[in-house]
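Asks:
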Amino acid sequence: MKLRIRWGKKGSVKFIGHLDIMRFFQKAFRRAGFDLTYSQGYHPHPVLSFAAPLGVGMESSGEYMDLEVNSITDTGQMLRRLNGQMAEGITIYDIHVLKDEAKNAMSLVAAADYEVRFREGFAPCSPLQLQENISRFLVEDEIRILKKTKRSQMEMNIRPLIYDLHLLEDGAVFMQISSGSAANLRPDLLMKTLIEKSGLTFDPMMLMITRRDMYADAGPEGERLLVSLGQYERAGA
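First residue of the sequence shown? That's 167 in the working numbering, and the numbers climb one at a time after it.
(1) Any idea if Glu389 is buried or exposed, counting beta-carbon neighbours within 10 angstroms, 16 or more meaning buried?
(2) Below 8 Å on the Cβ atoms is my guess for Ala278 versus Ile343; work out the distance and round it to an integer in Å.
(3) Can the beta-carbon of Met167 be found less than 7 Å from the beta-carbon of Val222?
(4) Which value, in whole angstroms, describes the spacing of the CA atoms of Ala403 and Ser394?
(5) Please work out which residues of its chain come closer than 7 Å, Cβ to Cβ, to Ile256, disregarding the five sequence neighbours upstream and downstream, and give them in chain order.
(6) Are the beta-carbon atoms belonging to Ala217 and Val275 less than 7 Å from one another?
(7) Around the C-beta of Met320, are 16 or more other C-beta atoms found within 10 angstroms, so that it is buried, or is it exposed?
(8) Apply the 10 Å Cβ neighbour rule to Met341 and answer buried if 16 or more other Cβ atoms are within range, or exposed otherwise.
(9) Going along the chain, which unbroken runs of the beta strand (DSSP E) with 3 or more residues stay wholly within the stretch 207-263?
(10) Quick check on the DSSP output: what are the complete alpha helix (DSSP H) runs of length 4 or more inside the stretch 173-206, in order along the chain?
(11) So what does DSSP say about Asp369, is it helix, strand or coil?
(12) Between the stretch 287-297 and the stretch 380-388, do at least 3 Cβ pairs fall closer than 8 Å?
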């Protein structure tokens, strides 16, 4: 039986890396009394997978993990028990049962929402100028960058990977961008490109990034229809 769990982290825990977060949850599930399904082999561990690792230093209210269990009681009760085991800054928002044939969340991720704010005193320009820069940025048919990896670098056009980009009333930048294994655009790379193409100086320390949600693409081939992972493939849906 599969469960999909939505959770988030904020505050100092945002500096904890993905592997440590994974180990933390494995222990938390056991302490909460979950009837876990374990892998086979010499070193069995809970069958658990995360939709997409969150970058160190980022906060989130839209993280997802899939967990296999042998049995469940009431998901509301499980939610309360699990939250009772959470460290400060980590919150479980929802637990729901998946359909038997549900795909793994990791394989479904196609897009993500982010909000980006500037640290006090680090904004590269006024909100009005930033909005004008965003408008000019999005008019371009192509936005080419040099994307570097550990082993190589390649030129790519990131314009098709930007689904939405605008300024919120509080001055934060909202973006919905392509995510996942097929085509992935990092929010910090998008902000760097926007700021530098506007003729301004970029400093990675200026950004405070929060992931708000992740999406699967439920549209037919060639047509995008994004559905939150929290709503996708629920049992009985």
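We put the CB at the ideal spot given by N, CA and C, even for glycine.
Here the structure is a predicted model, which is why all the values come from computation and not from measurement.
Replies: Judging by the given coordinates:
(1) Only exposed fits Glu389, as fewer than 16 other CB atoms lie within 10 angstroms of its CB.
(2) Confirmed, about 6 Å.
(3) In this structure, Met167 lies away from Val222, with their beta-carbon atoms at least 7 Å apart.
(4) Because the pLDDT of Ala403 is 44, which lies under 50, any placement of that residue in the model is unreliable, and the number read from its coordinates should be weighed accordingly. Taken atom to atom, the span from the alpha-carbon of Ala403 to that of Ser394 is near 13 Å.
(5) Excluding its 5 nearest sequence neighbours in each direction, Ile256 has C-beta neighbours in its own chain below 7 Å: Trp173, Lys175 and Val179, listed in chain order.
(6) In contact: Ala217 and Val275 (Cβ atoms closer than 7 Å).
(7) Result: exposed.
(8) Met341 should be labelled buried.
(9) Whole beta strand (DSSP E) segments, 3+ residues: 214-216, 225-237 and 256-263.
(10) With a minimum length of 4 residues, the continuous alpha helix (DSSP H) runs that stay inside the stretch 173-206 are 184-197.
(11) Asp369 falls in the coil class under three-state DSSP.
(12) Touching, no, given that fewer than three Cβ pairs across the two stretches are closer than 8 Å.
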